[in-house]
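If you're matching positions, the sequence shown starts at 4 in my numbering and goes up one per residue. Glycine is no exception: its CB is placed at the ideal position from the N, C-alpha and C atoms. Down below is the structure, laid out as C-alpha cells.
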Amino acid sequence: MSRLLPFPLGISAIAVHEPAWHLDNGWFGDTMPRKFSRHTGIQSRGVSLVDETTMALAAVRRLQRETGCHLADCRGLMFVSPSFIPPAVARRVLDPVTAAAERPSVAARRLANALGLTASRTVGINWFCCGFSRAVELVQQRWAPRLGLRRGEYVIVVVATRISRITDYGCGQTGGLFGDMASATLLTTPANRRHPIHFEIVYAAAERRPAERPAFDFHLRRDVPVPSPRGGRIVADERLVYSLDGMAIAELAPRAMAAATTSSLATAGIAAGDVDFVVPHQAGTGIVRFTGMQLDALGIRAELVNGLVARTGNTSACSVPHALKETWPRLRGLVACPTAAVGSPGRAEVLQGCVLLRATPHHERRAGAAA
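What follows is the structure, encoded as C-alpha cells:
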C-alpha cells in the first residue's frame with residue numbers, strides 16, 4: 004500500500020442522499036433465490052431516476068444544509084462513481100460520443116460547474132467498491148500537502164453510485180444486490196474551527212492485488228427485464244450489464260478486507276488490539292460476518308458494524324460513508340474501514356483498501372453529550 008504521510012486531515016461531516024424509489028424483493032418473484040435475503044440481509048434497494056451527477060449535486064446540497072458550509076471555502080472536489088462504464092468496455096460496445104460521456108472526469112467537471120466550483124481542483128475516479136478508500140488516500144497524500152488548506156478551507160469527496168443502470172435484473176444471482184445512493188464527505192484540517200474534525204484520518208490507501216481468476220465483466224444482453232417506478236416491469240431489447248462470479252466474490256472479499264486492515268495497521272504502527280470499531284464495506288451481512296471471522300483470527304476483535312443493507316442494498320463506494328453516518332454517535336476510539344472490490348473487467352485481480360480513523364476529543368464530547 005501507499006507510503007504513510009502524516010498530513011493532518013480529518014472528517015468533519017457526511018451527508019447522504021437516497022433515492023425516493025425503493026424496489027423490494029417481491030418485484031423479483033421466483034427469479035430471486037429463496038436464500039437471497041437470508042444470506043445478504045437485503046430486503047429492498049434504492050433505484051435512482053436521475054443520473055450520477057444529479058445525485059451527487061443533491062448530496063452536496065444536503066451537506067450545505069446540514070453544516071452551513073460555504074462553497075467559496077471548498078478547494079477541491081473529488082468525484083467517485085463505480086457505476087460508470089470502464090473505458091476499455093465503453094470503447095468496445097458504445098459509440099464514441101456515448102463512450103466519452105462515461106468518463107468520471109467529465110461528470111466531475113459537470114458537477115463542479117453546477118456548484119460554481121470552477122476554480123477548485125476537480126478529479127473523477129471509479130475504483131468500484133473501493134472508491135471511497137482510494138479517494139481519501141488521494142486527498143490525504145497528494146492533494147492536501149499541495150493545496151495548503153488554510154483555516155476554514157476544505158475538500159469534498161462526493162460518491163454517486165447508480166448501478167441500477169447496468170444491472171441485469173433478470174439474473175437471480177446479481178439482480179438484487181446493489182442499490183443507488185450518493186454521499187458527500189467534508190475533509191478538512193484541525194485548524195478549521197467552523198467545521199471541527201470528528202475523525203482524524205490516521206491512514207488511507209487502496210491497491211490492486213492479483214486473484215486466481217476474473218470475477219467481473221460486462222456483457223450486452225437481450226430482452227432484459229427492468230423495473231418501472233410504479234412496480235411494473237418493461238423489457239429492454241438490449242442492455243449493457245455487469246456480471247459477477249458470486250462464489251468468487253464471497254471468498255475474495257472477506258480475505259481482502261482483512262488483509263487491507265492488517266496492512267494498514269502495520270504501516271501506521273498500530274496494534275491489532277487497539278482497534279475499537281470496524282466499519283467495513285457493507286457488501287451484505289454474510290460477507291461482513293465472514294470478514295469479522297477473518298479479522299478475529301488475526302487478533303482484531305473490535306465491535307463489527309453489520310446489518311445496514313436491509314433497505315439500501317450494497318451501495319458500493321457509498322457504503323462506508325453511509326455506515327459512518329448511520330453509526331456516527333456511537334463510534335469511539337480507533338475505527339478501521341476496510342473495503343474490497345472487483346478489479347478491471349475480465350482481469351484476475353481484486354481491489355482492497357482501508358481508511359483508519361481516530362475519534363477526536365471534539366467527537367467524544369459531542370457523542371457523550373448526545374448519549
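**Prompt:** Does the beta-carbon distance from F221 to P99 come in below 7 Å?
**Reply:** Going by C-beta atoms, F221 is not nearer than 7 Å to P99.
**Item:** Whether I237 touches V227 by CB criterion (7 Å)
**Value:** no
**Message:** Measuring straight from C-alpha to C-alpha, what distance separates S186 and A18?
**Reply:** 6 Å
**Message:** Let's see if you can read the secondary structure: which residues bound the beta strand (DSSP E) around Q355?
**Reply:** E352 to A362
**Request:** Quick one: grab the DSSP three-state call for H20.
**Result:** strand
**Message:** Quick test of the definition: if touching needs 3 or more C-beta pairs under 8 Å, does the region 298-309 touch the region 274-282?
**Reply:** yes
**Item:** Residue nearest to A320 in terms of C-alpha spacing, selected from G79, F181 and W24
**Value:** F181
**Prompt:** Nearest to A372 by CA position, among C77, L354, R333 and P193, is which residue?
**Reply:** Considering only alpha carbons, the answer is R333.
**Item:** Whole-angstrom distance between L150 and V103, CA atom to CA atom
**Value:** A quick correction: the sequence has Ala, not Val, at residue 103. Going by the C-alpha atoms only, they are around 29 Å apart.
**Asked** Thinking C-beta only, is A59 closer than 7 Å to L114?
**Response** yes
**Message:** Going by beta-carbon coordinates alone, are Y206 and L327 separated by less than 7 Å?
**Reply:** no
**Request:** Could you tell me whether the region 119-130 touches the region 31-38, using the rule of 3 or more Cβ pairs below 8 Å?
**Result:** no
**Item:** Cα-Cα separation between E215 and A351, rounded to whole angstroms
**Value:** Their Cα atoms are separated by approximately 6 Å.
**Item:** When R153, T56 and I200 are compared against I14, the one with the closest alpha-carbon
**Value:** The shortest C-alpha separation from I14 is found at I200.
**Message:** By the three-class DSSP mapping on this structure, what secondary structure does E156 have?
**Reply:** coil
**Request:** Would you kindly work out how many angstroms separate the C-alpha atoms of W184 and A110, rounded to a whole number?
**Result:** Rather than Trp, the amino acid found at residue 184 in this sequence is Met. Going by the C-alpha atoms only, they are around 16 Å apart.
**Residues near T101 in its chain [Cβ-Cβ closer than 8 Å; skip 5 each side]** = A93
**Request:** Identify, in the order they occur along the chain, each residue of the same chain with its Cβ nearer than 8 Å to the Cβ of W24, setting aside the five sequence neighbours on each side.
**Result:** G49, V50, S51, L52 and P232
**Request:** Going by CA-CA distance only, name the one from W146, R165, V338 and G235 that's closest to L190.
**Result:** W146
**Request:** Over the uninterrupted alpha helix (DSSP H) stretch that includes I252, give me the two end residues.
**Result:** G249 to A271
**Asked** Quick one: is M250 buried, meaning 16 or more other Cβ sit within 10 Å of its Cβ, or exposed?
**Response** It counts as exposed.
**Prompt:** Going by beta carbon distance, what residues of the same chain come within less than 6 Å of S167, once the five residues before and after it are set aside?
**Reply:** Hits under 6 Å: V50 and D183.
**Asked** How would you call P85, buried or exposed, if buried means at least 16 neighbouring beta carbons within 10 angstroms?
**Response** buried
**Request:** Give me the Cα-Cα distance between I45 and A275, rounded to the nearest whole angstrom.
**Result:** 30 Å
**Prompt:** By DSSP, does R95 sit in helix, in strand, or in coil?
**Reply:** helix
**Asked** How should M296 be labelled, buried or exposed, when 16 other C-beta atoms within 10 angstroms of its C-beta is the threshold for buried?
**Response** With fewer than 16 other Cβ atoms inside 10 Å of its own Cβ, M296 counts as exposed.
**Prompt:** Which residue spans inside the region 125-180 form an unbroken beta strand (DSSP E) run of at least 3?
**Reply:** 157-164
**Request:** State the start and end residues of the unbroken alpha helix (DSSP H) segment that holds A326.
**Result:** S322 to T330
**Prompt:** Cα separation between Q144 and T177?
**Reply:** 35 Å
**Prompt:** Three-state secondary structure (DSSP) at A208?
**Reply:** Of the three classes helix, strand and coil, the one that applies to A208 here is strand, per DSSP.
**Asked** How is the beta strand (DSSP E) around A344 delimited, first residue to last?
**Response** L337 to V345
**Request:** Taking only heavy atoms of the ligand NAD into account, decide whether any of them is closer than 6 Å to the Cβ of A274.
**Result:** Within the structure as shown, the ligand NAD is missing, as the structure has no ligands at all.
**Message:** Can you give me the C-alpha to C-alpha distance between Y157 and G235, rounded to a whole angstrom?
**Reply:** When rounded, the separation of the alpha-carbon atoms in Y157 and G235 is 44 Å.
**Message:** Using the three-state DSSP reduction, which class does R6 fall into: helix, strand or coil?
**Reply:** Since pLDDT at R6 reaches only 45, below the 50 mark, its modelled position is unreliable, and the value read off the structure follows with that caveat. R6 carries a coil assignment under DSSP once its states are collapsed to helix, strand and coil.
**Prompt:** Can you check whether the CB of L243 is closer than 7 Å to the CB of L268?
**Reply:** no
**Request:** Return the CA-CA distance between L298 and D277, expressed in angstroms with no decimal places.
**Result:** Their Cα atoms are separated by approximately 13 Å.
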